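Engineer: Okay, so the sequence shown: first residue is 26 according to our numbering, each after it adds one.
The beta-carbon is built from N, C-alpha and C at its ideal position, and this holds for glycine as well.
Computed from a prediction, not measured in an experiment: that's the story for all the values here.
Handing you this structure, nothing more for now.
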Amino acid sequence: MTKMIGVDVGGTFTDVVAISGGEIVTVKVPTVVGRTEEGVLAGAREAGVGDAGIFNHASTQGLNAIITRRLPKIGFLTTLGHRDMLDGGRVYRPAAGLTDPHWRRSFGDAGRPLVPRYLRRGIRERVSADGTVVIPLDEDHARTQLRVLKRCGVQGIAVCLVNSYVDGKHESRLRELVAEELGTVPCSISSDVSPLAKEYARASTTVIDACMRIIYGHYTERLQDGLHESGFRGSINYANCAAQLAPVEAAMERPFEIVFAGPAAGTMASRHFGGGIGVAQIICADVGGTSCDFSVITDGRSTTNTTFELEHDLSVNALSTEIRSIGAGGGSVVGVDAGGAITVGPASAGSDPGPASYGRGGTVPTTTDTFLLMGVLDPGDFAAGRLKLDRALAREAFDRLDTALPFEQRVRFAFRMAVNNIAEGVVNTGVRHGIDTRDFALMAFGAAGPMLLPAVLDIVNCAECIVPPHPGLFSALGLVSSDQVFSASRTAYIELAPAATETIGDLFAEMETKLRERLGFAQHEVRITRSFDGYLAGQSWETPFVPAPPGPIDTAAVEEMVWNFHDTYQARTGNRFEALGVEAVTFRVQAIVPVSKVSYPMAPAARTRPPVPRRRREVRYLAERPIEAPEYERSDLHQDDEIRGPAIVRESLSTTFIVPGQVMKVGRYGELRIRNTA
Numbered sequence: 026m027t028k029m030i031g032v033d034v035g036g037t038f039t040d041v042v043a044i045s046g047g048e049i050v051t052v053k054v055p056t057v058v059g060r061t062e063e064g065v066l067a068g069a070r071e072a073g074v075g076d077a078g079i080f081n082h083a084s085t086q087g088l089n090a091i092i093t094r095r096l097p098k099i100g101f102l103t104t105l106g107h108r109d110m111l112d113g114g115r116v117y118r119p120a121a122g123l124t125d126p127h128w129r130r131s132f133g134d135a136g137r138p139l140v141p142r143y144l145r146r147g148i149r150e151r152v153s154a155d156g157t158v159v160i161p162l163d164e165d166h167a168r169t170q171l172r173v174l175k176r177c178g179v180q181g182i183a184v185c186l187v188n189s190y191v192d193g194k195h196e197s198r199l200r201e202l203v204a205e206e207l208g209t210v211p212c213s214i215s216s217d218v219s220p221l222a223k224e225y226a227r228a229s230t231t232v233i234d235a236c237m238r239i240i241y242g243h244y245t246e247r248l249q250d251g252l253h254e255s256g257f258r259g260s261i262n263y264a265n266c267a268a269q270l271a272p273v274e275a276a277m278e279r280p281f282e283i284v285f286a287g288p289a290a291g292t293m294a295s296r297h298f299g300g301g302i303g304v305a306q307i308i309c310a311d312v313g314g315t316s317c318d319f320s321v322i323t324d325g326r327s328t329t330n331t332t333f334e335l336e337h338d339l340s341v342n343a344l345s346t347e348i349r350s351i352g353a354g355g356g357s358v359v360g361v362d363a364g365g366a367i368t369v370g371p372a373s374a375g376s377d378p379g380p381a382s383y384g385r386g387g388t389v390p391t392t393t394d395t396f397l398l399m400g401v402l403d404p405g406d407f408a409a410g411r412l413k414l415d416r417a418l419a420r421e422a423f424d425r426l427d428t429a430l431p432f433e434q435r436v437r438f439a440f441r442m443a444v445n446n447i448a449e450g451v452v453n454t455g456v457r458h459g460i461d462t463r464d465f466a467l468m469a470f471g472a473a474g475p476m477l478l479p480a481v482l483d484i485v486n487c488a489e490c491i492v493p494p495h496p497g498l499f500s501a502l503g504l505v506s507s508d509q510v511f512s513a514s515r516t517a518y519i520e521l522a523p524a525a526t527e528t529i530g531d532l533f534a535e536m537e538t539k540l541r542e543r544l545g546f547a548q549h550e551v552r553i554t555r556s557f558d559g560y561l562a563g564q565s566w567e568t569p570f571v572p573a574p575p576g577p578i579d580t581a582a583v584e585e586m587v588w589n590f591h592d593t594y595q596a597r598t599g600n601r602f603e604a605l606g607v608e609a610v611t612f613r614v615q616a617i618v619p620v621s622k623v624s625y626p627m628a629p630a631a632r633t634r635p636p637v638p639r640r641r642r643e644v645r646y647l648a649e650r651p652i653e654a655p656e657y658e659r660s661d662l663h664q665d666d667e668i669r670g671p672a673i674v675r676e677s678l679s680t681t682f683i684v685p686g687q688v689m690k691v692g693r694y695g696e697l698r699i700r701n702t703a
């Protein structure tokens, strides 16, 4: 099998995995802020990228740029009178803002706009909803506005005209004018980026695309040059927000789709590994340094949305795995509220300065400091020995807390609050998806996941907690667990009736032909799937991803689409209204190209004698008195080995903590399966 490299670039660490001949090699290096490709290249070289054939990449660089507003200077062109659509958003507030008169959108003109108002310019033109040109494009006016933007020094242009999803001729001409007036600056037009109805979401997506085109464009050049210098001659793939892979050239044609991909890669890894061990109902919990990301796999399938939000109402029209995050991780800050009670998170110490025990200038205690003082973490072997933890600095940080609680209770309550925060996230995830958590396994990954998630079982009553192989780099493994997927979509409001067969058939055929031509696939290399978003007559919001049949679209095919809609609607809502008509809104096509995936090696065969701990440690503050816990090395464990808590299992980039009242059994691929004994 060709050697594969998977890289997940996070805000704190860059995770690299190399798969070759059934062997998995893992590397974890610090992320270099501002020059993230340096950390990627350093980790890739350590993993032996020179003899690899595939390099799969996911990054949160684009997301971090948006959150911090470290964005290129972008100009925005729209129909005259509509330049404030970016400020207005979809005109709804979150629940917390309904009673707050001071609430403002984070990206509004009163906050931190992605495009300041003076860089948003209106152009005289207008196309109606049926494609009729009401006002022709005024090219002289457009040139005048572009010259204003040129004097302002914009680095790129985003164009979103009203109703351009029906007819994009005016946008295409504006792109030509941009080239004539501003030269080679990147220009994104909504009729190419996101030819879908609803102006605001289309405009927001196009602005994000223009920003990512610049951010990832420069980054990709530096990454490709660095890989070439390292001897890499294989293919580079970028993952999108659903952890689907695309060759770097195809991904850079739609860079808004790769704005963040790491969290979705963890879900993909859970889905792939769960299929290998026969577990189809999974709540994924990725606990890193700053946050805990939750997602759900039901019957072996993750939940995919057609749009997502980077911030409240900051929408992107891209397929994405549904992920919810809370501020709970190894770097979560331990504090004291106004009543003197211990709190944990959502603020994080991050990587700079990091937890107090890192010895990098941090003065506030964190979850990492808590587990160090408890005796769960090994101060001399943290992060594969790359970092030594200082217990005295952690103690000083807890001593500085402004509370009358004795030291022992400060640490104990910090542990309990950290666990309770994640348990609340698990419960909320279950409620949101309408599932019974007792039927689901917790997949614990991320460097801090195995340390925190087993204790959550006492609260949420999940069936079990599973710690997969290499949990600290599990999201990176998701990048070598996915197929290449290419998508196309078009908006067209069509009632699903016999008269619509030709129109629907032409839409699907056009998208499929363009995908094949653009990507050069032969018939035997690719699997084409069709779907549509639709709603019942009179509804405002559509039901996405309704299956559509392959082949010619005739009357029987349209009837099948209607029937599929009612089935999908019933599965999502519990209701069925066959007497009402169905209208399709968006038609979608996916081209799926199967690629090689990671296969996990089997753990050593079962044995008759029980596992022998490397040593025993004293775990403090878990109970009134210290308790003794055996410590095992994960590489020493065999299939069917059983360990009763309290116990600690160590590996190079993570620590699993089994609390009293639990038993852990080793699975066939070395996964640790933890259950409550009561």
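Are the Cβ atoms of VAL614 and GLU537 separated by less than 7 Å?
Structural biologist: Cβ distance < 7 Å, so VAL614 and GLU537 count as in contact.
Engineer: Spatial neighbours of GLY354 within its chain, please: C-beta separation below 8 Å, excluding the five flanking residues on both sides.
Structural biologist: Once the five neighbours on either side are set aside, the close Cβ partners of GLY354 are VAL312, GLY313, GLY314, THR315, SER316, CYS317, GLY370, SER373, THR392, GLY471, ALA473.
Engineer: Any idea which residues DSSP pairs GLY147 with across the strands?
Structural biologist: According to DSSP, which records beta bridges pairwise, GLY147 is partnered with THR103.
Engineer: Report yes if the CB atom of VAL210 is closer than 7 Å to the CB atom of GLY181, and no otherwise.
Structural biologist: Contact: yes.
Engineer: Under a three-way DSSP split, which group does ASP165 fall into?
Structural biologist: In the structure shown, ASP165 sits in a helix (DSSP, three-state: H, G or I).
Engineer: Looking at C-alpha atoms only, which residue of ILE92, ALA235, ARG60, GLY31 is the closest neighbour of ILE99?
Structural biologist: When only C-alpha atoms are compared, the closest one is ALA235.
Engineer: So which of LEU96, THR231, ARG115 has the shortest CA-CA distance to LEU88?
Structural biologist: Comparing Cα positions, the closest option is LEU96.
Engineer: Report the CB separation of GLU585 from PRO574 in whole angstroms; it is logged as a contact under 8 Å.
Structural biologist: That pair is a contact at about 5 Å.
Engineer: Within 10 angstroms of the Cβ of PRO494, are there 16 or more other Cβ atoms? Answer buried if so, exposed if not.
Structural biologist: Buried, by the Cβ-count rule.
Engineer: Jot down the residue ranges of each uninterrupted alpha helix (DSSP H) in the region 247-329, minimum 4 residues, whole runs only, in chain order.
Structural biologist: As far as the region 247-329 is concerned, its whole alpha helix (DSSP H) runs of at least 4 residues are 273-276, 287-302.
Engineer: Out of SER229, THR169, ARG650, ALA67, point me to the one whose CA is closest to THR51's CA.
Structural biologist: Comparing Cα-Cα distances from THR51 to each of SER229, THR169, ARG650, ALA67, the minimum goes to ALA67.
Engineer: Let's see if you can read the secondary structure: which residues bound the alpha helix (DSSP H) around TYR594?
Structural biologist: Residues 580-598.
Engineer: Can you grab the Cα-Cα spacing for the pair THR37 / VAL587, in whole Å?
Structural biologist: When rounded, the distance between both Cα atoms is 48 Å.
Engineer: Can you tell me the Cα-Cα spacing of LEU144 and LEU186, whole angstroms?
Structural biologist: Answer to the nearest angstrom: the Cα atoms are 15 Å apart.
Engineer: Quick one: what does DSSP say TYR625 is sitting in, helix, strand or coil?
Structural biologist: Three-state DSSP puts TYR625 in coil, outside helix and strand.
Engineer: To the nearest whole angstrom, what separates the beta carbons of THR231 and ALA183, a pair I think is in contact under 8 Å?
Structural biologist: Right, the Cβ-Cβ distance comes to about 5 Å (below 8 Å), so this counts as a contact.
Engineer: If PHE285 sits next to THR85, beta carbons under 8 Å apart, how far is it from one beta carbon to the other, in whole angstroms?
Structural biologist: With 8 Å as the limit, PHE285 and THR85 qualify as a contact, their Cβ atoms being about 5 Å apart.
Engineer: Nearest-angstrom Cα distance between ASN262 and ARG435?
Structural biologist: Straight-line Cα distance between these residues: approximately 47 Å.
Engineer: Using only alpha-carbon positions, find the residue among ASP33, PRO119, THR633, ALA305 that is nearest to ILE491.
Structural biologist: Measuring from the Cα of ILE491, the nearest candidate turns out to be ALA305.
Engineer: The ligand ZN and ARG145: does the residue's C-beta get closer than 6 Å to at least one heavy atom of that ligand?
Structural biologist: The ligand ZN is not part of this structure, which contains no ligands at all.
Engineer: Cutting at 8 Å between CB atoms, please list the residues of its own chain near GLU62, excluding the five before and the five after it.
Structural biologist: Around GLU62: TYR244, ARG247, LEU248, GLY251.
Engineer: What is the DSSP secondary structure of THR93, reduced to helix, strand or coil?
Structural biologist: DSSP places THR93 in helix when its eight states are reduced to three.
Engineer: Between the region 495-513 and the region 27-36, do three or more beta carbon pairs fall short of 8 Å?
Structural biologist: They touch, by the three-pair rule.
Engineer: Between the Cα of GLY73 and those of GLY259, THR169, PHE132, spot the shortest distance and give me the residue it belongs to.
Structural biologist: Nearest of GLY259, THR169, PHE132 to GLY73, Cα basis: GLY259.
Engineer: Where does THR93 land, buried or exposed, given buried means 16+ other C-beta within 10 angstroms?
Structural biologist: Counting Cβ neighbours within 10 Å, THR93 comes out exposed, since fewer than 16 surround it.
Engineer: Should the region 478-490 be called in touch with the region 456-466, which here means at least 3 C-beta pairs below 8 Å?
Structural biologist: Verdict: yes, contact present.
Engineer: Would you tell me roughly how many angstroms separate the C-alpha atoms of VAL273 and ARG642, rounded to the nearest one?
Structural biologist: About 48 Å.
Engineer: Can you have a look at LYS53 and say buried or exposed, based on whether 16 or more other CB atoms are within 10 angstroms of its CB?
Structural biologist: Classification for LYS53: buried.
Engineer: If you draw a straight line from the C-alpha of ALA268 to the C-alpha of SER507, how long is it?
Structural biologist: Answer to the nearest angstrom: the Cα atoms are 7 Å apart.
Engineer: Within 10 Å of its beta-carbon, does SER189 have 16 or more other beta-carbons around it, so buried, or fewer, so exposed?
Structural biologist: Per the 10 Å Cβ criterion, buried.
Engineer: Taking 7 Å as the CB-CB cut-off, is ASP324 touching chain B?
Structural biologist: In summary, chain B is missing from the structure at hand, where a single protein chain is found.
Engineer: Measuring only the C-alpha atoms, how far is THR593 from ARG457?
Structural biologist: Near 18 Å, if we compare the C-alpha coordinates of ARG457 and THR593.
Engineer: Comparing alpha-carbon positions, which option in THR332, SER514, ALA524 lies nearest VAL610?
Structural biologist: For the residues THR332, SER514, ALA524, the minimum Cα distance to VAL610 belongs to SER514.
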